[in-house]
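Participant: Residues 102 to 537 (the numbering used here) make up the sequence shown, in order.
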Amino acid sequence: MKNTFSIITILTAFSGCISPDDCETETEIVYVEVNNTIEINTTIEIEKTSNYLHGIAIDGYLQGATVQIGSYETETDENGTWNLNIPSDINLSGEIIQIYGGIDSDTGDEFEGVLKTPFENFDTEIISTPLSTLVSSLVRENVPVETAYQKVGEIVGIDPKNLRKNHFELLDENISDGLEIAKNALLLQKGVEIVSENLNGDSFDFELLQKGIAKAILSDENLSIQKILREPEKIIIQLGATPEAFRNFDLSKDSISFIADEVEKIDFIDGKDRELSIREQSKVIDLMSEEFERFVRDENDENLSIEDIEKNLIVFGGVEGIVEKIDFDEKNSDLIDSFFSKDIVKENVDSYDILKDFGLEDDDIRHIDEHEDIDFINLNLEEADIEQISDEVQKIKDRFPEIPETEDSFPELPRPTEEDLDNTFYTEEEESRILY
Numbered sequence: 102m103k104n105t106f107s108i109i110t111i112l113t114a115f116s117g118c119i120s121p122d123d124c125e126t127e128t129e130i131v132y133v134e135v136n137n138t139i140e141i142n143t144t145i146e147i148e149k150t151s152n153y154l155h156g157i158a159i160d161g162y163l164q165g166a167t168v169q170i171g172s173y174e175t176e177t178d179e180n181g182t183w184n185l186n187i188p189s190d191i192n193l194s195g196e197i198i199q200i201y202g203g204i205d206s207d208t209g210d211e212f213e214g215v216l217k218t219p220f221e222n223f224d225t226e227i228i229s230t231p232l233s234t235l236v237s238s239l240v241r242e243n244v245p246v247e248t249a250y251q252k253v254g255e256i257v258g259i260d261p262k263n264l265r266k267n268h269f270e271l272l273d274e275n276i277s278d279g280l281e282i283a284k285n286a287l288l289l290q291k292g293v294e295i296v297s298e299n300l301n302g303d304s305f306d307f308e309l310l311q312k313g314i315a316k317a318i319l320s321d322e323n324l325s326i327q328k329i330l331r332e333p334e335k336i337i338i339q340l341g342a343t344p345e346a347f348r349n350f351d352l353s354k355d356s357i358s359f360i361a362d363e364v365e366k367i368d369f370i371d372g373k374d375r376e377l378s379i380r381e382q383s384k385v386i387d388l389m390s391e392e393f394e395r396f397v398r399d400e401n402d403e404n405l406s407i408e409d410i411e412k413n414l415i416v417f418g419g420v421e422g423i424v425e426k427i428d429f430d431e432k433n434s435d436l437i438d439s440f441f442s443k444d445i446v447k448e449n450v451d452s453y454d455i456l457k458d459f460g461l462e463d464d465d466i467r468h469i470d471e472h473e474d475i476d477f478i479n480l481n482l483e484e485a486d487i488e489q490i491s492d493e494v495q496k497i498k499d500r501f502p503e504i505p506e507t508e509d510s511f512p513e514l515p516r517p518t519e520e521d522l523d524n525t526f527y528t529e530e531e532e533s534r535i536l537y
């Protein structure tokens with residue numbers, strides 16, 4: 102009799118792994134029936150391990166974000182880390198890891214962008230940041246992965262190998278590249294967000310703008326991230342658009358330039374953990390960026406200007422000054438109310454203008470709150486008189502010897518009559534100071 106063989110069942114077991122040592126082998130159980138005089142049951146063990154892929158998402162650490170590579174998917178934990186088991190027979194060559202959604206742990210806000218990193222191997226932790234996203238955009242333009250990392254390293258001014266490392270850990274190791282990566286990643290993310298908010302229609306999404314930046318970099322080897330974002334027309338021209346695509350082109354440029362200037366000032370704060378100081382300053386800049394995004398969406402109901410935001414920031418002591426006053430456990434919306442609301446900004450703009458009238462420079466105003474006996478900022482401007490203000494300004498003058506010891510430092514304000522005012526234009530603020 103002719104023997105007939107049939108495979109009755111094949112069971113395949115994949116076991117999840119948290120680290121490479123936890124990855125288990127597959128076991129295939131095969132039941133073979135022989136249609137003759139005997140039955141044979143056999144178990145075949147096949148050594149086939151899963152590959153362990155792991156990484157971290159940093160734009161602030163992203164919590165609960167979706168991680169995708171090919172058809173495989175997972176989520177980041179509270180520290181922004183993630184891991185995946187990939188069957189050993191799956192080829193990921195040429196794939197891009199994409200991370201989206203979740204919460205930015207620094208701001209508490211939903212992450213609205215996309216982080217990307219080209220897959221290279223299973224051996225090292227995969228670092229996903231706005232700069233790795235730019236690397237991925239270059240790879241999509243047919244630039245080899247290694248060349249793309251080299252190119253981004255050049256325009257940022259760092260060793261390209263450090264783009265594959267957690268830049269917050271580089272800060273702790275006192276490696277200067279960590280600070281440059283943090284600053285450029287922040288500027289790239291905020292700049293693209295402002296540009297995308299200012300474009301008419303939905304045809305220019307976040308990923309397309311990243312493509313425009315990649316094309317701009319390839320078109321001019323002398324461009325830096327700062328230069329590209331300060332001239333956003335270079336991005337959209339690469340995508341076949343013109344400045345007319347913007348709701349307010351000048352506002353977009355001015356907003357990004359302001360953010361770029363503040364990012365450039367980021368540095369370590371004495372007496373504070375390096376990573377914490379950079380993350381906290383980044384959060385303050387993120388708050389300001391949200392305000393500028395409202396401006397370019399034409400949602401500026403308070404009629405505030407970029408100049409008003411700048412004056413407000415100076416009176417608070419700059420980004421570092423706000424860091425010293427801020428409670429980072431608060432929601433972004435509450436922090437905006439505390440530092441960038443209409444009433445706060447206008448009050449500080451009034452303070453700034455009066456201090457400038459009395460001869461103080463921006464840097465003097467920025468450091469006023471370092472002197473405990475000077476209470477100018479806490480004066481009620483509506484009730485204060487010139488003599489009261491002069492007393493406080495004199496204290497400031499005594500603290501800053503670079504202010505000239507001349508009467509010009511404290512110019513006399515003209516005191517016209519009511520009749521004179523009828524024929525002269527003054528703002529309400531100027532008029533109240535002159536009369537009272």
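Glycine included, C-beta positions come from ideal geometry on N, C-alpha and C. In this text the structure is predicted, and so the values were computed from the model without any measurement.
(1) Taking only three categories from DSSP, how would you classify P333?
(2) What is the DSSP secondary structure of H155, counted as helix, strand or coil?
(3) Looking at C-alpha atoms only, which residue of H268, D273 and A286 is the closest neighbour of D279?
(4) Just the Cα atoms here: how many angstroms apart are D539 and L264?
(5) Tell me the DSSP secondary structure of L288 in three-state form.
(6) Round the Cβ separation of V424 and I370 to the nearest angstrom and send it over; I've been treating them as touching at under 8 Å.
(7) Given a threshold of 16 other Cβ atoms within 10 Å of its Cβ, counted over all protein chains shown, does R348 qualify as buried or as exposed?
(8) Using a Cβ-Cβ cut-off of 8 Å (strictly less than) and excluding sequence neighbours within five positions of I360, which residues of its own chain qualify?
(9) Measure how close the beta-carbons of D306 and S297 come, nearest whole angstrom, since I'm counting them as under 8 Å.
(10) Give the DSSP bridge partners of S229, in chain order.
(11) Keeping to the same chain, check which residues put their C-beta closer than 6 Å to that of L72; ignore five residues upstream and five downstream.
(12) Pull up the CB-CB distance for Y153 and F223, whole angstroms please, since I reckon it's below 8 Å.
(13) Between the C-alpha atoms of I466 and D444, what's the straight-line distance to the nearest angstrom?
(14) How do the stretch 157-166 and the stretch 196-210 stand: do at least 3 beta-carbon pairs fall below 8 Å, yes or no?
(15) Taking the alpha-carbon positions, what's the Q327 to S189 distance?
(16) Round the Cβ separation of L232 and N299 to the nearest angstrom and send it over; I've been treating them as touching at under 8 Å.
(17) Quick check on P188: does DSSP put it in helix, strand or coil?
(18) Please classify A317 as buried or exposed, where buried requires at least 16 other C-beta atoms within 10 Å of its C-beta.
(19) Taking only three categories from DSSP, how would you classify P245?
(20) In this structure, what does DSSP give as the bridge partners for T175?
(21) In this structure, does DSSP put Q382 in helix, strand or coil?
(22) Please report the straight-line C-alpha distance between I228 and L405, rounded to a whole angstrom.
(23) Between which two residues does the alpha helix (DSSP H) harbouring K217 extend?
(24) For N192, count neighbouring Cβ atoms within 10 angstroms of its own Cβ and tell me buried if that reaches 16, exposed if not.
(25) Thinking C-alpha only, which one of T208, V168, V257 and D207 is nearest T218?
(26) I need the DSSP call for Q199, collapsed to helix, strand or coil.
(27) Going straight from the alpha carbon of Q251 to that of Q339, what length do you get?
(28) Between E483 and K354, what straight-line distance do the alpha-carbon atoms span, to the nearest angstrom?
(29) What whole-angstrom Cβ distance do K384 and F429 have, given they're in contact under 8 Å?
(30) Give the straight-line distance between the Cα atoms of L330 and I204, rounded to the nearest whole angstrom.
(31) Using a Cβ-Cβ cut-off of 7 Å (strictly less than) and excluding sequence neighbours within five positions of L309, which residues of its own chain qualify?
(32) Specify the secondary structure class of I504 as computed by DSSP and reduced to three states.
(33) Starting from the C-beta of Y162, find all residues in its chain whose C-beta is less than 7 Å away, skip the five residues before and the five after it, and write them out in chain order.
(34) Compare the beta carbon distance of F257 and E226 with 9 Å and say whether it is the shorter of the two.
Facilitator: In brief:
(1) Position 232 of the sequence shown, counting from 1, holds the residue named residue 333. It is coil, neither helix nor strand.
(2) Numbered from 1 along the sequence shown, position 54 holds the residue referred to as residue 155. Three-state DSSP puts H155 in a strand.
(3) Translated into the one-based positions of the sequence shown, residue 279 becomes position 178. Correcting the residue type first, residue 279 is Gly in the shown sequence and not Asp. Selected option, being the one with the closest Cα: H268.
(4) Missing from the structure shown is residue 539; the chain here goes from 102 to 537 and no further.
(5) Taking the sequence shown and counting its residues from 1, one reaches residue 288 at position 187. Assignment of L288 by DSSP, reduced to helix, strand and coil, places it in the helix class.
(6) Walking along the sequence shown from the start, residue 424 turns up at place 323. Walking along the sequence shown from the start, residue 370 turns up at place 269. About 7 Å; that satisfies the 8 Å criterion.
(7) Working through the sequence shown from its first residue, we reach residue 348 at position 247. Exposed, because fewer than 16 other Cβ atoms sit within 10 Å of the Cβ of R348.
(8) Numbered from its first residue, the sequence shown carries residue 360 at position 259. Taking C-beta separations shorter than 8 Å and ignoring five residues to either side along the sequence, the partners of I360 in its chain run L288, K291, G292, I295, I386, M389, S390 and F393, following chain order.
(9) Here residue 306 corresponds to residue number 205 of the sequence shown, with the count starting at 1. Here residue 297 corresponds to residue number 196 of the sequence shown, with the count starting at 1. About 7 Å separates the two Cβ atoms, so the contact holds.
(10) Looking up residue 229 in the sequence shown gives position 128. Note: S229 sits in a beta bridge opposite A158.
(11) What is shown of the chain runs 102 to 537, which leaves residue 72 out entirely.
(12) By 1-based counting over the sequence shown, the position of residue 153 is 52. By 1-based counting over the sequence shown, the position of residue 223 is 122. Beta-carbon to beta-carbon, Y153 and F223 are separated by about 6 Å, close enough to satisfy the 8 Å threshold.
(13) Here the question's residue 466 lines up with position 365 in the sequence shown. Here the question's residue 444 lines up with position 343 in the sequence shown. Near 19 Å, if we compare the C-alpha coordinates of D444 and I466.
(14) With a cut-off of 8 Å, the stretch 196-210 and the stretch 157-166 count as touching, because enough Cβ pairs lie within range.
(15) Start at 1 with the first residue of the sequence shown, and residue 327 comes out as number 226. Start at 1 with the first residue of the sequence shown, and residue 189 comes out as number 88. Distance from the CA atom of Q327 to the CA atom of S189, rounded to whole angstroms, is 42 Å.
(16) As a position in the sequence shown, residue 232 is number 131, starting the count at 1. As a position in the sequence shown, residue 299 is number 198, starting the count at 1. Contact check for L232 and N299: beta-carbon distance about 23 Å, past the 8 Å limit, so the pair fails to qualify.
(17) Residue numbering aside, residue 188 sits at position 87 when the sequence shown is read from its first letter. Here P188 sits in strand by DSSP.
(18) Locating residue 317 in the sequence shown gives position 216, counting from the first residue. With 16 or more other CB atoms across the displayed protein chains lying within 10 angstroms of its CB, A317 is buried.
(19) Working through the sequence shown from its first residue, we reach residue 245 at position 144. The answer is coil: DSSP assigns P245 none of H, G, I, E or B.
(20) Position 74 of the sequence shown, counted from the start, is the residue given in the question as residue 175. T175 pairs with V168.
(21) Locating residue 382 in the sequence shown gives position 281, where the first residue counts as 1. Of the three classes helix, strand and coil, the one that applies to Q382 here is helix, per DSSP.
(22) Position 127 of the sequence shown, counting from 1, holds the residue named residue 228. Position 304 of the sequence shown, counting from 1, holds the residue named residue 405. Counting only the Cα atoms, L405 lies some 39 Å from I228.
(23) As a working note, residue 217 is residue 116 in the sequence shown. It is not in any alpha helix (DSSP H) - K217 instead sits in the beta strand (DSSP E) that spans V215 to P219.
(24) Indexing the sequence shown from 1 puts residue 192 at position 91. The residue is exposed, with fewer than 16 neighbouring Cβ atoms inside 10 Å.
(25) The residue given as residue 218 occupies position 117 in the sequence shown. It is V168.
(26) The count along the sequence shown starts at 1 and reaches residue 199 at position 98. Correct three-state label for Q199: strand.
(27) The count along the sequence shown starts at 1 and reaches residue 251 at position 150. The count along the sequence shown starts at 1 and reaches residue 339 at position 238. Between Q251 and Q339, the C-alpha separation is close to 22 Å.
(28) Position 382 of the sequence shown, counted from the start, is the residue given in the question as residue 483. Position 253 of the sequence shown, counted from the start, is the residue given in the question as residue 354. Interpretation of E483 is limited by its pLDDT of 47, a score under 50 that renders its predicted location unreliable; no figure is taken from the coordinates.
(29) Counting from one through the sequence shown, the residue named residue 384 turns up at place 283. Counting from one through the sequence shown, the residue named residue 429 turns up at place 328. Their Cβ separation, rounded to whole angstroms, is 7 Å, which keeps K384 and F429 in contact under 8 Å.
(30) On the sequence shown, position 229 is the one that residue 330 refers to. On the sequence shown, position 103 is the one that residue 204 refers to. Per the coordinates, the alpha-carbon of L330 lies some 25 Å from the alpha-carbon of I204.
(31) As a first step, residue 309 is located in the sequence shown; it is residue number 208 there, counting from the start. These residues qualify, in order along the chain: L340.
(32) Start at 1 with the first residue of the sequence shown, and residue 504 comes out as number 403. Its pLDDT being 48, under 50, I504 is placed unreliably in this model, and the coordinates cannot settle the point.
(33) Within the sequence shown, the letter at position 61 stands for residue 162. Closer than 7 Å at Cβ, skipping near neighbours: N180, G181 and S206.
(34) Counted from its first residue, the sequence shown places residue 257 at position 156. Counted from its first residue, the sequence shown places residue 226 at position 125. Per the sequence presented here, residue 257 reads as Val, with Phe not at that position. No, the pair does not count as a contact, with Cβ atoms beyond the cut-off.
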